[in-house]
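K.L.:
Chains as they are written, first to last, in this note's numbering: chain Y, 32 to 363; chain R, 32 to 363; chain V, 32 to 363; chain D, 32 to 363; chain E, 32 to 363; chain H, 32 to 363.
Cβ atoms here follow ideal geometry from the backbone N, Cα and C, with glycine treated the same way.
Number of protein chains: 6
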Amino acid sequence: MKTYVNEIKENENVDSLFLVREKSSGVTKTGNPYLKLKLGDRSGEMEGRIWTSVEMFAQSFERDDFVHVKGKAVSFQEHLQLNITHLEKVGEEEILLSDFFPVAERDIDEMFKSLTEISQQVKNQYLKKLLCLFWEDEPFLERFKMAPASKWLHHTYLGGLLEHTLSLTQLVLKNAPHYDGLNMDLLLTASILHDLGKVEELSYKRSFDYSDEGRLLGHIILGVEKVEEKIRQLPEFPKDLSTLLKHLLLSHHGQYIWGSPKKPMTLEAVMLHYLDDMDAKINGIKQFLKAQVPDGAKWSAYHRMFEQAFYVPNLWEQMELTNNIEKNESEG
Amino acid sequence: MKTYVNEIKENENVDSLFLVREKSSGVTKTGNPYLKLKLGDRSGEMEGRIWTSVEMFAQSFERDDFVHVKGKAVSFQEHLQLNITHLEKVGEEEILLSDFFPVAERDIDEMFKSLTEISQQVKNQYLKKLLCLFWEDEPFLERFKMAPASKWLHHTYLGGLLEHTLSLTQLVLKNAPHYDGLNMDLLLTASILHDLGKVEELSYKRSFDYSDEGRLLGHIILGVEKVEEKIRQLPEFPKDLSTLLKHLLLSHHGQYIWGSPKKPMTLEAVMLHYLDDMDAKINGIKQFLKAQVPDGAKWSAYHRMFEQAFYVPNLWEQMELTNNIEKNESEG
Amino acid sequence: MKTYVNEIKENENVDSLFLVREKSSGVTKTGNPYLKLKLGDRSGEMEGRIWTSVEMFAQSFERDDFVHVKGKAVSFQEHLQLNITHLEKVGEEEILLSDFFPVAERDIDEMFKSLTEISQQVKNQYLKKLLCLFWEDEPFLERFKMAPASKWLHHTYLGGLLEHTLSLTQLVLKNAPHYDGLNMDLLLTASILHDLGKVEELSYKRSFDYSDEGRLLGHIILGVEKVEEKIRQLPEFPKDLSTLLKHLLLSHHGQYIWGSPKKPMTLEAVMLHYLDDMDAKINGIKQFLKAQVPDGAKWSAYHRMFEQAFYVPNLWEQMELTNNIEKNESEG
Amino acid sequence: MKTYVNEIKENENVDSLFLVREKSSGVTKTGNPYLKLKLGDRSGEMEGRIWTSVEMFAQSFERDDFVHVKGKAVSFQEHLQLNITHLEKVGEEEILLSDFFPVAERDIDEMFKSLTEISQQVKNQYLKKLLCLFWEDEPFLERFKMAPASKWLHHTYLGGLLEHTLSLTQLVLKNAPHYDGLNMDLLLTASILHDLGKVEELSYKRSFDYSDEGRLLGHIILGVEKVEEKIRQLPEFPKDLSTLLKHLLLSHHGQYIWGSPKKPMTLEAVMLHYLDDMDAKINGIKQFLKAQVPDGAKWSAYHRMFEQAFYVPNLWEQMELTNNIEKNESEG
Amino acid sequence: MKTYVNEIKENENVDSLFLVREKSSGVTKTGNPYLKLKLGDRSGEMEGRIWTSVEMFAQSFERDDFVHVKGKAVSFQEHLQLNITHLEKVGEEEILLSDFFPVAERDIDEMFKSLTEISQQVKNQYLKKLLCLFWEDEPFLERFKMAPASKWLHHTYLGGLLEHTLSLTQLVLKNAPHYDGLNMDLLLTASILHDLGKVEELSYKRSFDYSDEGRLLGHIILGVEKVEEKIRQLPEFPKDLSTLLKHLLLSHHGQYIWGSPKKPMTLEAVMLHYLDDMDAKINGIKQFLKAQVPDGAKWSAYHRMFEQAFYVPNLWEQMELTNNIEKNESEG
Amino acid sequence: MKTYVNEIKENENVDSLFLVREKSSGVTKTGNPYLKLKLGDRSGEMEGRIWTSVEMFAQSFERDDFVHVKGKAVSFQEHLQLNITHLEKVGEEEILLSDFFPVAERDIDEMFKSLTEISQQVKNQYLKKLLCLFWEDEPFLERFKMAPASKWLHHTYLGGLLEHTLSLTQLVLKNAPHYDGLNMDLLLTASILHDLGKVEELSYKRSFDYSDEGRLLGHIILGVEKVEEKIRQLPEFPKDLSTLLKHLLLSHHGQYIWGSPKKPMTLEAVMLHYLDDMDAKINGIKQFLKAQVPDGAKWSAYHRMFEQAFYVPNLWEQMELTNNIEKNESEG
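1) Give a yes or no on whether 8 Å exceeds the smallest Cβ distance from Y:V203 to chain R.
2) According to the Cβ coordinates, are Y:I149 and E:Y287 closer than 8 Å?
3) At the level of alpha carbons, what is the spacing between Y:I316 and Y:W330?
4) Could you tell me whether the Cβ of D:H225 comes closer than 8 Å to any Cβ of chain V?
5) My understanding is that D:I115 touches D:R137, with C-beta atoms under 8 Å, so please give their C-beta distance in whole angstroms.
6) Under a CB-based cut-off of 8 Å, is V:G249 close to chain R?
7) Just checking: is the beta-carbon of E:Y342 within a distance shorter than 8 Å of some beta-carbon in chain D?
8) Could you have a look at D:N42 and say whether DSSP puts it in helix, strand or coil?
9) What do you reckon, are the CB atoms on V:T274 and R:L128 nearer than 8 Å?
10) Pull up the distance between the alpha-carbon of E:L251 and that of E:Q318, whole angstroms please.
11) Pick out the complete alpha helix (DSSP H) segments inside the stretch 265–310 of chain D, 4 residues or longer, and give them in chain order.
12) Less than 8 Å between the beta carbons of H:K69 and H:R52, yes or no?
13) Excluding the 5 residues preceding and the 5 following Y:I313 in the sequence, name in chain order all residues of the same chain whose CB lies nearer than 8 Å to its CB.
14) Where do the ends of the beta strand (DSSP E) carrying Y:H117 lie?
15) Hey, does Y:H186 have any beta-carbon neighbour from chain R nearer than 8 Å?
16) Out of D:L219, D:Y235 and D:K321, which has the shortest C-alpha to C-alpha gap to D:T200?
17) Drop a sphere of 10 angstroms on the beta-carbon of Y:P325, count the other beta-carbons inside from all chains shown, and report buried for 16 or more, exposed for fewer.
18) For E:F239, collect the residues of the same chain with a Cβ closer than 6 Å to its Cβ; drop the 5 residues on either side in sequence, then sort them by chain order.
19) H:Y287 CB to nearest chain E CB: under 8 Å?
20) Going by C-alpha to C-alpha distance, which of V:Q152, V:I139 and V:L202 sits closest to V:G191?
21) Quick test of the definition: if touching needs 3 or more C-beta pairs under 8 Å, does the stretch 337–344 of chain D touch the stretch 335–345 of chain V?
22) Establish whether the CB of E:H278 and some CB of chain Y are separated by less than 8 Å.
23) With E:L118 and E:F92 assumed to form a contact (beta carbons below 8 Å), what rounded beta-carbon distance in angstroms separates them?
24) Against V:D243, what residues of chain Y qualify as contacts under a CB-to-CB distance less than 9 Å, listed in chain order?
25) Looking at V:N214: is its Cβ nearer than 8 Å to the Cβ of V:E299?
26) Applying the criterion that 16 or more other CB atoms from any shown protein chain within 10 Å of the CB defines a buried residue, is R:Y157 buried or exposed?
27) Just to confirm before moving on: does the CB-CB distance between E:L50 and E:V121 stay below 8 Å?
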């Protein structure tokens, strides 16, 4: 059973799995070599030291490996440190990613089920078939379900991409019928596929970071290429429909300056952009408020990307006013 | 009965109400004075001339007056021109504004009824009372129902402000419950009141234009002042609630550069901004597509404010594809 | 008598008033609880510790309270620390704000007298009455005289708002007559009132910070509301005059991007903007030069907001040149 | 005596001096050559035709020449046209520039006298000598007194550069003593010299336009070079003083984006920038209001460079309120 | 043989091929229908009228068709107009595109030969094979050789894309060896392929305009897709190499604001961006100088996109100075 | 012989030259005064202490002096510290600048020889003479050869200005003949002189920093002034040629926002800007990659000025692919 870093106490013996975040070697004052490690899991990080059989252990694992560690927690210069007596590399298949990274609060399989159910509302035969190709692509699905939606800004947890995709798709379902003449099939398909390039843009099995492809090409292009790859398997897929769908993916950031090489040029593209931006921003602020508000404070810390702080209080709770908020939550 | 400018044919006698858009005097080659008028209604404009009793007529009306005109349409230099034999100023109460300006397609009273019904979902007693004060303010309501929402960009017709307000409020009803913890009462109240300053910002009884107050102070400030004026009549109204509500009004443009003196700092303010912007933009594009697309063209003209053109085709209709669009329309 | 933090020496006994800037609890290695405080006044901050009667003291005061403290200064890890034997909360009325915060160099009452004298040059009866309403509003005046003008940039000391207001009003007196046709009454009134919203925007009785209202609405809106509140008490006040005056307040930042929801649209608004900006910037640079120039350096540190450094030398003094500068100073 | 274009009536004989703004040749339907001219002076432009001795006249003058013309005004296609019977080129020395271009309202020699008087307040011996070199440079003075300050924006008339320079210098005299420690000598010298590069940047003897040097180098650089040229004649002139003075010239536009290669880095440079910008803008708006406000309108046309319209009314006049404005004018 | 529009004279009979740029119908004063055409070729446009057999002709061709026309040029309201007696639609294969649009000065086949020769310097086997696939794709080549490089800015003539591509590739050949460590193979391949998406972005067989795909997706994305399509035919093509190559295409505009979804992140991408931008700008200015400089003028008209004018003179020629310019030209 | 800071080991005796970067005094716990120094050379910095004859030593040197130091390296709080027994100030002429600052990899005299050889290709007699004046100005040349090209961004080492100048001039030689009609003489002269103002903008004999003149006027203006100074010695130098040359210097940053007071207005100025920017950026990235890439990393650190990271890998080396890169290097 996993022992989390933030549960470890002084003088306890530890026997659990960790991720090696840093690895370097040092020399004691008496001239003996030792290994300095930083061990992590989803709850935090701690220092580790290997004082014996140093050379043997040093060759048996690398930075970014998952390892099975035995040792004892001792206090050194006001911090806890793990004196490691045994360490063994373990494979990815032996660990639970969710032990090592934050994970979405909602159940991932449930969210995925909701998404595929909504996708069945798409009636256009070509778009329907296109979505099916994705739903049948197991290697893709495995990554799609676990990927975060962003490194910094919003949905930055395992399952975050799926959560954001489902949320946007539900928003589209609610908003598209509000206006005459918007094409629901196109909007649903585009909202389901809009960020799929993030599956390749972000790596998240060791830390949340951008892959080389992600940095050099970006999720917008990676997504368009992925969609194009599936469309090639559907020879009847109309060219114009493909162009329109790709336009929605390309333009969903809304402005050149936000990395879209095209501005939205159809009503569907305009709606997709606004709802995507709103969902990302609301989730991002909520995550930030959870993490960056001192107890009892009325204002969050300053948010660097948004260049502002956010106001926290829920007046209704504080003022015991008659209000409407329970109703909202039950519907949410 | 009103005869519209675009119905008048050569050599017809005309007997109808018009708005005097321009008025100046000229002298014929034979040295006689005459009056040159531009007469308008919602269908267009035409030239008018008064050749007799010039001085008497000249003193009886001014530019921007509504007038009852009798005369005959003749052709001059390839354009129709009205030779006026009789002209009489009429009061505002004798005309129908909707004869002179474009008007919303949806029935104004029906829209207003929908809005007040939604407003009854607000449970917080203070916000409820605040809305009631507006619903009881007949002079305000009269203007609120008829005002356009903008001079250039979106909902530029009589009843446009009401239509936009109702649309935004419905969007709030759909979207707020999608997220936990957003305050529906605050959002509903703010969406109903967000643009009410436009009642004073825009003048629309002669042409759609900005009032002096509108230009010098702007609808955001005018709206906050109007809300403050009503809140003063509710001495128990909590200060913090008033501040939050005004913050939503002030920040609903989202950015300094778009004229908001504050950026949205609460989740409700963030949502209000996105949905308001989306509704204005979608309506604006739809109006533009109606007016600025040559027959059969696939692209609109270049839109100066948005700095782009828009793509027109409805692929579904053209390609006779199975699609989902009827369903959307029936729900819309 | 006040002992300032920067006067306290090792091993001295201290008996004075301080502001509690931080308060938290700790446990000694031997398991005993203690209180950790940060105590401050206008000269700086120091650590404080309460080792005895911890629970009793802990309940008797909070962060941001003013307290009467007795104890002894000891050295710990190269810093001074106050071992507190006695601590008692005191009311705001028992302290001098100027013991705790920097204060304007010029006498506050004298500056206020100068300002009210200038205000008597306003001849327009409505503006004259409006100013009188402010001069008779004692609670407002108390705050107006003590408030700083800004948290970061300029006049960041008690009395700074008054100093800036007086300075701007004097500049208006000098500059308005330079041009034909500018309305001196409007300019004087607007310069006196232009920043009065800062009285509510900034809190300064514990530290210089923004109030909730200040953050959510901003001093421009708060000022316009305050002016509107007074104008309501003057039923004859002409609407157009009120609009013009409020326009000057709204537009005095000059650009959307600097937080003004309107750009200056009258000559008076244009002048007010330039002189306000010049006064704020010159004072801000002077404050910065006092604080951020190493001894003997010719260049200040880099100023983050202005994104540049400033040049310091006074060539005249260095080069013993014949010059004009004494004259300027005697007039200043 | 000069007959102005806007005074010429149909069928009058004309005998006066004009500027040839355009010159081209045509052929009548009967195959005879003729000359088409556009003749101008400060009051406007009119068409001119030469039907006889065409070849001889054609060789005797060019576009941009001043000419003495005799002929008769006739009406052609609703416009007046001058049928020229005699035309003779005249030299620049035979005309009055002010007959052909708008000229400052204030007397040019009087303004220049005021400026030189102020310049005597400069006490620093080096700056004093520098200014003297300019006052002794007759060819420079001749151009300096007549040049406009800008082609488009402000003081766009003969003598405009001098008027703006004097105005800025007077503003400096008023504002510098308001702050401690600003160097009046430096500020006076810089304000007198700040725009002198415009003498070479703008050509104005045929039309207001930019010279090649003006376009390729700009008045800021041309001015610095001119100042450097004079300083070379003063071998004792301190290097640091020269650098500071040139910094004020270089930075007076305030921002890179407005063409200054350096931002103001001293208090004097900051003040010079604000006052220069204020003076240019106030003059520019006043000129615009004179030219671009329809009779009785409350709003000017849209100003392209400032991207806004301006509000016109003088409430005091309209409302017959007690006011302060006469006093201002008498002082101005 | 083609008769060009600008060669047609009054009363001449015309028998030649034209492009129908506009087509509409009218009614004569006597009530007879007629057809109004605008006929064009590379030399200009003229009006055409069909007065007889109107219905028959009307059905035989459309706007944007090439037609064989017989008729007579007559003068109407000061313009020439073609009274058409015979008109017949012709296929694209019967016309020479270069009769209808401007064409590159350099021979297209020669330029293409130069480009393919340079491409043989690429040694990397994968990039070599990739280029071969393009050189073997006849339908692509046909379009690639004829396409313009832009609608507005630079190389706006048939063959312009090829000319720009060759020019950039030659620049790369010259500049890459100047720095250590830049990869010539990657740079050559990317410069050859960088704008190939313009083949589909621009339509040019009727007028120079953007295709639907071009507007909705843009040449950057279209180019990346085209490259991806070819790479799929090369199963061994290394993934990293493909990513790097696509990064050069994506980032060659250099900035988000100029439509690149990624900024250049490798030295090769940085160089490609600068040389591409320099070549486009120099060609664009040269084209502009040819078209937009009045005879003898020293300054071009104002260039809207570049927001400036350009200086024309060649001092060397004017001043008969000893100079270096012949040498340059001989090398060019 | 110089002992470099990074070569010094614990307990070694040191006898070498250093630069005094910081100097302050302290008092030991036993009450004795001592001196704290920071000593530096091109390899780094270390602490120094003088415990004896403190007063005598204190008076014998200042911060920024070069000194001859004898002492012993001891370990204190995990860092090395030099206990100094002897210290003596030495003159600038006794040290080698390159011992104290990083220096260009290429030999400075060789680079200078290449530059002067290229300058002989200039045939225009005036430009030729102008360059000669610079080549004969020994005090200028001494500084020109040693100056860095920038404090932060590119070529930040002794000889960097010369290296960048030579590189740009070689680029001009390669690129100018690629286009018809560019003036090689003008381009060569301008590229040689374009950054010469940096000789006075940057000080580099104690540390790389900006001089007062550099900060207040900038290298663009300083360079134009220097060129103007030389041109004055050539009375025949044509005015237009001087204006054009200065335009190239003024505009070489390309945009106002990058500090150029003029945008490039001739083809030569356009080319100079692009090549200068490309050379600075490529060198800057290469320097950054050397310094800011952790071993084995594929991505550099984030570059603050360029606001991005750079991609490092050389695929060819890693993948052992056939490639072209050796050829490039041999030519470079």
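P.N.:
The short version:
1) Locating residue 203 of chain Y in the first sequence gives position 172, counting from the first residue. With a threshold of 8 Å between beta carbons, Y:V203 makes no contact with chain R.
2) Along the first sequence, one-based indexing puts residue 149 of chain Y at 118. Along the fifth sequence, one-based indexing puts residue 287 of chain E at 256. It is not a contact, given that the beta carbons lie outside the stated cut-off.
3) Locating residue 316 of chain Y in the first sequence gives position 285, counting from the first residue. Locating residue 330 of chain Y in the first sequence gives position 299, counting from the first residue. Between Y:I316 and Y:W330, the C-alpha separation is close to 12 Å.
4) Here residue 225 of chain D is taken as the residue at index 194 of the fourth sequence, counted from 1. Not an interface residue.
5) For the purposes of this step, residue 115 of chain D is taken as residue 84 along the fourth sequence, with counting starting at 1. For the purposes of this step, residue 137 of chain D is taken as residue 106 along the fourth sequence, with counting starting at 1. In fact, because the Cβ distance is near 37 Å, the residues do not count as touching under 8 Å.
6) Mapped onto the third sequence, residue 249 of chain V falls at position 218. Chain R, which has a Cβ nearer than 8 Å to the Cβ of V:G249, makes this yes.
7) For the purposes of this step, residue 342 of chain E is taken as residue 311 along the fifth sequence, with counting starting at 1. Yes, contact with chain D.
8) Position 11 of the fourth sequence, counting from 1, holds the residue named residue 42 of chain D. Three-state result, D:N42: coil.
9) Your numbering for residue 274 of chain V matches position 243 in the third sequence. Your numbering for residue 128 of chain R matches position 97 in the second sequence. With respect to R:L128, V:T274 sits apart: the two C-beta atoms are not nearer than 8 Å.
10) Start at 1 with the first residue of the fifth sequence, and residue 251 of chain E comes out as number 220. Start at 1 with the first residue of the fifth sequence, and residue 318 of chain E comes out as number 287. Note that residue 251 of chain E is Ile in the sequence shown, not Leu. Looking at the two C-alpha atoms, the distance is approximately 24 Å.
11) Entirely contained in the stretch 265–310 of chain D, the alpha helix (DSSP H) runs reaching 4 residues are, in chain order, 270–281.
12) By 1-based counting over the sixth sequence, the position of residue 69 of chain H is 38. By 1-based counting over the sixth sequence, the position of residue 52 of chain H is 21. A contact, by the Cβ cut-off of 8 Å.
13) Residue numbering aside, residue 313 of chain Y sits at position 282 when the first sequence is read from its first letter. The answer is none, since no qualifying residue turns up.
14) Here residue 117 of chain Y refers to the residue found at position 86 of the first sequence. Unbroken beta strand (DSSP E) run through Y:H117: H110 to V121.
15) The sequence position of residue 186 of chain Y within the first sequence is 155, counting from 1. It does not; no Cβ of chain R falls within 8 Å.
16) Residue 200 of chain D sits at position 169 when you count from the first residue of the fourth sequence. Of the candidates D:L219, D:Y235 and D:K321, the one whose C-alpha sits nearest the C-alpha of D:T200 is D:L219.
17) Position 294 of the first sequence holds residue 325 of chain Y. Y:P325 counts as exposed, since fewer than 16 other C-beta atoms from the protein chains shown sit within 10 angstroms of its C-beta.
18) Position 208 of the fifth sequence, counting from 1, holds the residue named residue 239 of chain E. P179 and K182.
19) The residue given as residue 287 of chain H occupies position 256 in the sixth sequence. Proximity of H:Y287 to chain E, defined by a Cβ-Cβ separation below 8 Å, is not satisfied.
20) As a position in the third sequence, residue 191 of chain V is number 160, starting the count at 1. Among V:Q152, V:I139 and V:L202, the Cα nearest to that of V:G191 belongs to V:I139.
21) At 8 Å Cβ cutoff, the stretches do not touch.
22) By one-based count along the fifth sequence, residue 278 of chain E stands at place 247. Yes, contact with chain Y.
23) Looking up residue 118 of chain E in the fifth sequence gives position 87. Looking up residue 92 of chain E in the fifth sequence gives position 61. Right, their Cβ atoms sit about 7 Å apart.
24) Counting from 1 along the third sequence, the entry for residue 243 of chain V is found at position 212. What V:D243 touches in chain Y: K329, W330, Y342 and P344.
25) Indexing the third sequence from 1 puts residue 214 of chain V at position 183. Indexing the third sequence from 1 puts residue 299 of chain V at position 268. In contact: V:N214 and V:E299 (Cβ atoms closer than 8 Å).
26) Counted from its first residue, the second sequence places residue 157 of chain R at position 126. Classification of R:Y157: buried, given that the 10 Å Cβ count is 16 or more.
27) Stepping through the fifth sequence from its first residue, residue 50 of chain E is reached at position 19. Stepping through the fifth sequence from its first residue, residue 121 of chain E is reached at position 90. Contact flag unset, no.
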